[in-house]
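Everything on this sheet refers to the single structure shown next.
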Amino acid sequence: MLELKQVKKSYKDKQIFSGIDLTVEAGQIVLLMGKSGIGKSTLLDMIAGVKSMDDGSYHYRGNEIFCQDDKQMSRFRNRHIGYILQDFALIDDYTVLENLLLPALYRRSADTSSLEDKARQLADQFEVSDVLDTKVKRISGGQKQRAAIIRSILLDPDIILADEPTSNLDADNFQLVIELFNTLKADGKIIIIATHDDRLTAIADKVYQISDHRLKLMTQGGSDDA
Ligand SMILES: Nc1ncnc2c1ncn2[C@@H]1O[C@H](COP(=O)(O)OP(=O)(O)OP(=O)(O)O)[C@@H](O)[C@H]1O
Ligand SMILES: [Mg+2]
557 MLELKQVKKS YKDKQIFSGI DLTVEAGQIV LLMGKSGIGK STLLDMIAGV KSMDDGSYHY
617 RGNEIFCQDD KQMSRFRNRH IGYILQDFAL IDDYTVLENL LLPALYRRSA DTSSLEDKAR
677 QLADQFEVSD VLDTKVKRIS GGQKQRAAII RSILLDPDII LADEPTSNLD ADNFQLVIEL
737 FNTLKADGKI IIIATHDDRL TAIADKVYQI SDHRLKLMTQ GGSDDA
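Quick note on my numbering: the sequence shown kicks off at 557 and runs consecutively.
Given below as structure tokens:
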């Protein structure tokens with residue numbers, strides 16, 4: 557279980573969150589919605605541990621996350637978090653395959669040849685095999701989005717944070733991503749998605765709207781009973 561309590565965040569004088577509570581269980585998909593500039597990416601960044609909170613607590617599996625030092629934080633990230641960033645954060649001058657395998661370089665125990673096999677298999681599934689050896693600067697937005705998705709799940713994280721993961725996808729690829737999220741859910745992962753895309757509410761266990769510096773629970777899905 558991942559649990560935020562009374563988390564506050566401001567940038568200088570600009571208040572973003574006045575105190576938010578969020579609990580996500582293993583096997584749940586949670587959506588964060590709300591207008592542009594409201595704080596969706598900031599919240600994902602705090603959960604990923606790349607941005608600090610001003611106040612409040614963050615626990616994952618009973619461990620306090622934010623009291624940790626930088627080294628422990630990056631170990632937590634590397635072990636547990638898969639993050640699909642809004643701007644993809646791919647390296648333009650590297651090929652798609654090089655980008656996919658980059659996080660594996662930071663994991664000492666990683667078996668790179670089996671990870672490469674897995675990367676190729678996922679690339680096949682998400683129809684980017686033909687651009688694996690192409691530099692990222694020469695592929696399309698939708699191809700970048702799918703590469704970012706593959707990279708985020710390659711190391712089998714148990715928390716997947718996805719920032720507008722479907723914004724560049726056509727209907728077929730959208731369907732592939734929905735299937736992926738449902739598979740991850742069935743595997744007991746925690747999936748937190750920041751999005752404007754109403755189509756994603758169909759797979760969500762909980763939908764939160766961010767407004768007035770708070771998180772408001774809009775719907776609590778019954779996908780477990782469905
Ligand atoms: N590093 C920063 N320093 C100062 N202000 C920031 C910083 N990052 C974000 N902000 C501000 O915080 C607010 C929330 O930004 P954030 O990126 O979290 O919004 P968002 O909900 O993800 O928006 P969008 O839907 O456009 O992606 C914005 O008003 C933004 O200008
Ligand atoms: Mg954002």
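Built from N, CA and C at the ideal position, the CB exists for glycine as well.
>> What residue range does the beta strand (DSSP E) around G575 cover?
In response: Within the sequence shown, numbered from 1, the residue matching residue 575 stands at position 19. Residues K570 to V580.
> Is it true that the CB of T751 sits closer than 8 Å to the CB of L587?
Replying inline: By 1-based counting over the sequence shown, the position of residue 587 is 31. By 1-based counting over the sequence shown, the position of residue 751 is 195. Yes, they are a contact pair.
>> Closer than 8 Å is the cut-off here; do at least three beta carbon pairs connect the stretch 617-631 with the stretch 740-751?
In response: The stretch 617-631, when compared against the stretch 740-751, does not touch it at the 8 Å Cβ threshold.
>> Using a strict less-than 5 Å threshold between each residue's beta carbon and the heavy atoms of ligand 1, what residues do you get?
In response: Y567, S592, G593, I594, G595, K596, S597 and T598
> So does D719 have its beta carbon nearer than 7 Å to some heavy atom of ligand 2?
Replying inline: For the purposes of this step, residue 719 is taken as the residue at position 163 of the sequence shown. It does: the Cβ of D719 is within 7 Å (strictly closer) of some heavy atom of ligand 2.
> In or out: S591 buried (at least 16 other Cβ within 10 Å) or exposed?
Replying inline: The count along the sequence shown starts at 1 and reaches residue 591 at position 35. According to the sequence displayed, residue 591 carries Lys and not Ser. When all chains shown are included, K591 counts as exposed.
> Going by beta carbon distance, what residues of the same chain come within less than 7 Å of L671, once the five residues before and after it are set aside?
Replying inline: Residue mapping note: residue 671 aligns to position 115 of the sequence shown, counting from 1. So the qualifying residues of the chain are L657, A660 and L710.
>> Just verifying my parser: in three-state terms, what is the DSSP assignment at E720?
In response: To locate residue 720, count along the sequence shown from 1; it is residue 164. DSSP places E720 in coil when its eight states are reduced to three.
> By how many angstroms is the C-alpha of K568 removed from the C-alpha of V681?
Replying inline: Taking the first residue of the sequence shown as position 1, residue 681 is located at position 125. Taking the first residue of the sequence shown as position 1, residue 568 is located at position 12. One detail in the question is off: residue 681 reads as Gln in this sequence, not Val. Just so you know, the alpha carbons of Q681 and K568 end up roughly 44 Å apart.
> Counting pairs of beta carbons, one from the stretch 752-763 and one from the stretch 711-726, are three or more of them closer than 8 Å?
Replying inline: yes
> Using a Cβ-Cβ distance under 8 Å, would E683 count as near chain B?
Replying inline: Of the chains in the structure shown, none is chain B; there is only one protein chain.
>> Assuming H752 is part of the alpha helix (DSSP H), what are its boundary residues?
In response: As a working mapping, residue 752 is identified with position 196 in the sequence shown. Counting along the chain, H752 falls outside any alpha helix (DSSP H), and DSSP gives it neither H nor E.
> Is A604 near ligand 2, going by C-beta to nearest heavy atom under 7 Å?
Replying inline: Counting from one through the sequence shown, the residue named residue 604 turns up at place 48. A604 Cβ: outside cutoff for every heavy atom of ligand 2.
>> Check for me: the alpha helix (DSSP H) holding H615 runs from which residue to which?
In response: Locating residue 615 in the sequence shown gives position 59, where the first residue counts as 1. From DSSP, H615 is part of no alpha helix (DSSP H) but of the beta strand (DSSP E) over D611 to Y616.
>> Quick check: what's the CA-CA separation for E654 versus S685?
In response: Translated into positions along the sequence shown, residue 654 becomes position 98. Translated into positions along the sequence shown, residue 685 becomes position 129. E654 and S685 have their C-alpha atoms spaced approximately 13 Å apart.
> Hey, is A742 close to ligand 2, as in C-beta under 7 Å from one of its heavy atoms?
Replying inline: Locating residue 742 in the sequence shown gives position 186, where the first residue counts as 1. It does not: the Cβ of A742 is nowhere closer than 7 Å to a heavy atom of ligand 2.
> Can you name the residues that DSSP bridges to M557?
Replying inline: By 1-based counting over the sequence shown, the position of residue 557 is 1. Looking at the DSSP assignment, M557 forms no beta bridge with any residue, so it has no partner.
> Hey, would you say the C-beta of Q765 is under 7 Å away from at least one heavy atom of ligand 2?
Replying inline: As a first step, residue 765 is located in the sequence shown; it is residue number 209 there, counting from the start. Not one heavy atom of ligand 2 is found less than 7 Å from the C-beta of Q765.
> Three-state secondary structure (DSSP) at R676?
Replying inline: Along the sequence shown, read from residue 1 onward, the residue named residue 676 stands at position 120. DSSP places R676 in helix when its eight states are reduced to three.
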